[in-house]
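Single-structure report; data block below.
In this note's numbering, the protein residues as written are 25 to 326.
Here is the structure:
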């Protein structure tokens, strides 16, 4: 059973235009799914539908086999949600906020204190645990919001730009925590982000969304195949040399390969032709390449 599943999930707020249209997806347990797309693509609507905060116009979904429509309270119990607009009680300390939200999730008091201490230390907030949350910096508030989403030990975690506003060290700590939760604890992570390089580092599967429709879905290799993004050969030649069939890119000559296995034969041929090959490299596609190729091919603004 997938951790998250949707079939034909559709939402219209006005009965005319779909904010989300016929979304079908599946996220395996313990995976990290990157949910990618520009503002207004339908990412927030999707999260609200999957967590039972909105009712769909049509279609269905499930989280750990539970229906967000028929069993919203059970879905809330197994899900942690962190959004960019998450609010804390400013007059309460960071620790008090976590204990309060643990209580609302029916976490036993002693367990709540133990988890709060672990999370505050892991996210470098222990030294400011008694400081009013209203006086936290943006980065501190972001980390506290993540701790809040985790305080009841959820099995599925919905994250919206979890490293936004964080310095490199804090961002690394958050990334390591997410990787540990998915890899060691089996938590399923549904990650909404605009940071494509970050998503490529941390996610196993992806959904690229635009105007409420999923353009591509799958693991990185399948996305590359669908978008027509191939590995390229890059070679740097002697001064003044040209290479027919290759494109010039700065000091490099580049050409697509059908397979990385072609590279040795290509170099052998170039050297056999008397080319002065000073340097060679494989240029593998990135998630950015796939993303922008996807939007360019469909003439959709990214």
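Built from N, CA and C at the ideal position, the CB exists for glycine as well. Computed from a predicted model, the values in this text were never measured in an experiment.
Inter-residue Cα distance where the pair is residue i and residue j
{"i": "residue 117", "j": "residue 155", "result": "5 Å"}
{"i": "residue 104", "j": "residue 159", "result": "24 Å"}
{"i": "residue 96", "j": "residue 110", "result": "19 Å"}
{"i": "residue 240", "j": "residue 133", "result": "44 Å"}
{"i": "residue 129", "j": "residue 167", "result": "19 Å"}
{"i": "residue 201", "j": "residue 220", "result": "19 Å"}
{"i": "residue 164", "j": "residue 115", "result": "15 Å"}
{"i": "residue 85", "j": "residue 26", "result": "11 Å"}
{"i": "residue 83", "j": "residue 276", "result": "50 Å"}
{"i": "residue 296", "j": "residue 251", "result": "34 Å"}
{"i": "residue 99", "j": "residue 311", "result": "31 Å"}
{"i": "residue 300", "j": "residue 247", "result": "35 Å"}
{"i": "residue 142", "j": "residue 93", "result": "33 Å"}
{"i": "residue 146", "j": "residue 196", "result": "11 Å"}
{"i": "residue 284", "j": "residue 245", "result": "13 Å"}
{"i": "residue 289", "j": "residue 39", "result": "58 Å"}
{"i": "residue 150", "j": "residue 192", "result": "19 Å"}
{"i": "residue 144", "j": "residue 208", "result": "19 Å"}
{"i": "residue 91", "j": "residue 267", "result": "59 Å"}
{"i": "residue 121", "j": "residue 127", "result": "10 Å"}
For residue i, the residue or residues it bridges with in DSSP
{"i": "residue 241", "result": "231"}
{"i": "residue 182", "result": "105 and 214"}
{"i": "residue 272", "result": "277"}
{"i": "residue 28", "result": "51 and 87"}
{"i": "residue 156", "result": "117"}
{"i": "residue 307", "result": "256"}
{"i": "residue 82", "result": "34"}
{"i": "residue 318", "result": "Partner(s): none; residue 318 has no beta bridge."}
{"i": "residue 56", "result": "213"}
{"i": "residue 170", "result": "Paired residues: none, contrary to the question."}
Test: residue i CB closer than 8 Å to a CB of chain B
{"i": "residue 124", "result": "Absent here is chain B; the protein component of the structure consists of one chain."}
Cβ-Cβ separation, residue j to residue i (assumed contact under 8 Å), whole Å
{"i": "residue 314", "j": "residue 216", "result": "Between residue 216 and residue 314 the Cβ distance is about 17 Å, and since that is not below 8 Å, they are no contact."}
{"i": "residue 119", "j": "residue 140", "result": "6 Å"}
{"i": "residue 157", "j": "residue 112", "result": "4 Å"}
{"i": "residue 213", "j": "residue 206", "result": "5 Å"}
{"i": "residue 211", "j": "residue 175", "result": "Contact doesn't hold; Cβ gap of about 13 Å is too wide."}
{"i": "residue 36", "j": "residue 75", "result": "No, residue 36 and residue 75 are not in contact; Cβ-Cβ is about 19 Å, not under 8 Å."}
{"i": "residue 65", "j": "residue 235", "result": "7 Å"}
{"i": "residue 255", "j": "residue 308", "result": "5 Å"}
{"i": "residue 173", "j": "residue 58", "result": "Actually they do not touch by this definition, with Cβ atoms about 17 Å apart."}
{"i": "residue 188", "j": "residue 148", "result": "Actually they do not touch by this definition, with Cβ atoms about 17 Å apart."}
Under 8 Å between C-beta atoms of residue i and residue j
{"i": "residue 102", "j": "residue 123", "result": "no"}
{"i": "residue 281", "j": "residue 259", "result": "no"}
{"i": "residue 55", "j": "residue 162", "result": "no"}
{"i": "residue 33", "j": "residue 44", "result": "yes"}
{"i": "residue 231", "j": "residue 49", "result": "yes"}
{"i": "residue 262", "j": "residue 302", "result": "yes"}
{"i": "residue 287", "j": "residue 184", "result": "no"}
{"i": "residue 257", "j": "residue 278", "result": "yes"}
{"i": "residue 238", "j": "residue 47", "result": "yes"}
beta-carbon residue i near the ligand FMN non-hydrogen atom, thresh 7 Å
{"i": "residue 89", "result": "In terms of ligand content, the structure shown is empty, and the ligand FMN therefore cannot be addressed."}
Original post:
Any chance the stretch 125-140 sits against the stretch 70-90, with 3 or more Cβ pairs inside 8 Å?
Top reply: At 8 Å Cβ cutoff, the stretches do not touch.
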